[in-house]
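Visitor: Shown below is the structure under consideration.
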Amino acid sequence: MADLEQFRAETRRWLEEHCPPSMRKPITADEMVWAGTQIAFATEDQRVWFECMRERGWFAPGWPAEYGGGGLDRARARIVDEEMSRLGCRQPQYNLGLWMLGPVLLEYGTEAQKREHLVPITQGSQRWCQGFSEPNAGSDLASLKTSARQQGDELVINGSKIWTSYGDKGDWMYALVRTDFEAVKQEGITFVLIDMRAKGVTVKPIELISGKSSFCEVFFDDVRVPLANVVGGLNKGWSVAKSLLKHERAAMSKFTEGGAPSHDALEVARLYLADAGEAPVWRDRLAALLMDSHAFSLTHQRVAEQAIAREDVSGPSSIMKLVQTEQESAKYELLMQLMGHRGLGWEGDAFSGLEREISHSWTLSKTYTISGGSSEIQLNIIARRVLGLPA
Ligand SMILES: Cc1cc2nc3c(=O)[nH]c(=O)nc-3n(C[C@H](O)[C@H](O)[C@H](O)COP(=O)(O)OP(=O)(O)OC[C@H]3O[C@@H](n4cnc5c(N)ncnc54)[C@H](O)[C@@H]3O)c2cc1C
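Numbering (the numbering used here) for the sequence shown: 22 to 412.
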């Protein structure tokens, strides 16, 4: 225990010394440093913070040092998270490889796969995108149809993926493909790693009404992938995918701790309460929101402790994803209502930067309740797997 307290004090000192003050402010979407071959730093402080954390292995404090991680046990890795959060440190690197693929490779990957991919991820030089959803396979993911037929020691992939976030910026994609068309649908799926520069891969950005979009469609036309890129075995991809989605939900439920752009509800509300006539109804709604948010934060800490104690938190991770994303959405809904017509600001100088940010965040908050499995799907999972209710 004394050891842990000493580690906490050292971590706090190190972060205070190395994290530039500008990297301790809430992050906006444009300020996120996405890793990979197209990495770009908007400021020198971003670069300094990125490089310090990379050298220390703290992009992934809990991964083994041989793969570029910090080599810390769960309790110490958690302390790094807590101290970063206490100081308001931004995540130095954003990468699906770090939050989702990495933990899955540690569990299911071959030694060669770990060496080939975990090290570039912990160096920030390889960015990953996720190829799960298809036009008729979103919530019902197991219905996916993109085919992968074995030819010698390769898979030949044909089909397409949709809603691939930043597919145009990813160096690699982890994808689900169908390798057995006869089997029960969950049993014919394989989890495979695809180099986005491979011949036959075409990426088309999807335009959205907002003008800004990270979404892409990805098409596969006789794309050849070595069998060595299969993770967890042929036709065994469903278990790997379930494990990955668990990590995705855990990552999304951590967004409140400064991992994603967000606003302090009280700070924003104070600016508009006077205009709204300081009505008790606003104060009531705001107080309820802040209490829910505090309760969530405490529950989040409890679940994190359970994970450190190696208890199964796969059920709670669905609950946390559901509650966090719904709370985030409720927060922006309340702020938009409180701001009245000022909440309609989208672009142009008639509205302040904050007003434009809030209206964009309001739309974005709704997407979080869909990505990583929609709220309705989380409720189904909670009903069946956590509460044991009949299907
Ligand atoms: C911001 C964002 C980023 C994303 N990034 C990626 C990505 O990088 N890679 C990727 O592969 N996918 C990505 N997605 C896609 C996402 O995984 C799917 O949108 C999601 O799984 C829902 O699938 P769908 O859009 O096909 O909707 P559908 O499955 O068609 O669902 C439509 C509606 O019906 C409801 N519904 C469906 N089935 C049930 C049921 N059994 N019970 C109750 N309600 C049900 C859903 O909750 C939803 O409200 C992203 C989505 C968003 C919004």
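From the three backbone atoms N, C-alpha and C, an ideal C-beta is built for every residue, glycine too.
#1: How would you label residue 367, buried or exposed, when you count the other beta carbons within 10 angstroms and need 16 or more for buried?
#2: For ligand 1, any of its heavy atoms closer than 7 angstroms to the Cβ of residue 116?
#3: Taking only heavy atoms of ligand 1 into account, decide whether any of them is closer than 7 angstroms to the Cβ of residue 150.
#4: Hey, how far is the Cα of residue 129 from the Cα of residue 261?
#5: With a 10 Å radius around its C-beta and 16 neighbouring C-beta atoms as the bar for buried, classify residue 430 as buried or exposed.
#6: For residue 210, is the beta carbon positioned less than 7 angstroms from some heavy atom of ligand 1?
#7: Tell me which residues share the same chain as residue 268 and place their Cβ nearer than 8 angstroms to its Cβ, disregarding the 5 neighbours each side in the sequence.
#8: Within 10 Å of its beta-carbon, does residue 387 have 16 or more other beta-carbons around it, so buried, or fewer, so exposed?
#9: Is the region 107 to 115 close to the region 29 to 41, with three or more CB pairs under 8 angstroms?
#10: For residue 159, is the beta carbon positioned less than 7 angstroms from some heavy atom of ligand 1?
#11: Would you mind reading off the limits of the alpha helix (DSSP H) that contains residue 351?
#12: Per DSSP, residue 293 forms a beta bridge with which residues?
#13: With residue 194 as the anchor, note down where its alpha helix (DSSP H) starts and where it stops.
#14: What runs of the alpha helix (DSSP H), each 4 residues or longer, lie entirely inside the region 126 to 181?
#15: If you measure between the beta carbons of residue 143 and residue 78, is that distance less than 8 angstroms?
#16: For residue 90 versus residue 147, is the C-beta spacing smaller than 8 angstroms?
#17: Looking at the structure shown, is residue 235 part of a helix, part of a strand, or coil, going by DSSP?
#18: If we count the other Cβ atoms within 10 Å of its Cβ and call it buried at 16 or more, is residue 321 buried or exposed?
#19: Buried or exposed for residue 330, going by 16 or more other Cβ atoms inside 10 Å?
#20: Tell whether a beta-carbon distance below 8 angstroms holds between residue 152 and residue 194.
#21: Please report the Cβ distance between residue 238 and residue 225, rounded to the nearest whole angstrom; I am assuming they are in contact, meaning their Cβ atoms lie under 8 angstroms.
#22: List the DSSP bridge partners of residue 211.
#23: Which residue or residues does DSSP assign as beta-bridge partners of residue 55?
#24: Among 53, 242 and 337, whose alpha-carbon lies nearest the alpha-carbon of residue 324?
#25: Taking 8 angstroms as the limit between beta carbons, can you name the residues of its chain near residue 101, skipping five residues before and five after?
#26: Considering only residues of the same chain and omitting the five flanking positions on each side of residue 362, which have a CB-CB separation below 6 angstroms?
#27: DSSP three-state label for residue 183, please.
#28: According to the neighbour-count rule (16 or more other Cβ atoms, all chains shown, within 10 Å of its Cβ), is residue 380 buried or exposed?
#29: Does the distance from the CB of residue 213 to the CB of residue 250 come in under 8 angstroms?
#30: I need the boundaries of the beta strand (DSSP E) containing residue 226, first residue and last residue.
#31: Residue 215: which of 350, 286, 134 and 236 sits nearest, CA to CA?
#32: Please confirm whether residue 99 and residue 28 have their CB atoms less than 8 angstroms apart.
#33: Among 117, 154 and 157, which has the Cα closest to the Cα of residue 138?
#34: Reducing DSSP to helix, strand and coil, say where residue 94 ends up.
#35: Any idea which residues DSSP pairs residue 216 with across the strands?
Guide: Let's see:
#1: exposed
#2: no
#3: yes
#4: 7 angstroms
#5: Since the displayed the chain opens at 22 and closes at 412, residue 430 lies outside it and no answer follows.
#6: no
#7: 120, 121, 124 and 125
#8: exposed
#9: yes
#10: yes
#11: 335 to 360
#12: DSSP lists no partner for residue 293.
#13: First-last for residue 194: 193 to 199, but that is the beta strand (DSSP E), not the alpha helix (DSSP H).
#14: 140 to 144
#15: yes
#16: no
#17: coil
#18: buried
#19: exposed
#20: yes
#21: 5 angstroms
#22: 198
#23: 115
#24: 337
#25: 32, 79, 82, 91 and 93
#26: none
#27: strand
#28: buried
#29: yes
#30: 222 to 226
#31: 134
#32: no
#33: 117
#34: coil
#35: 193
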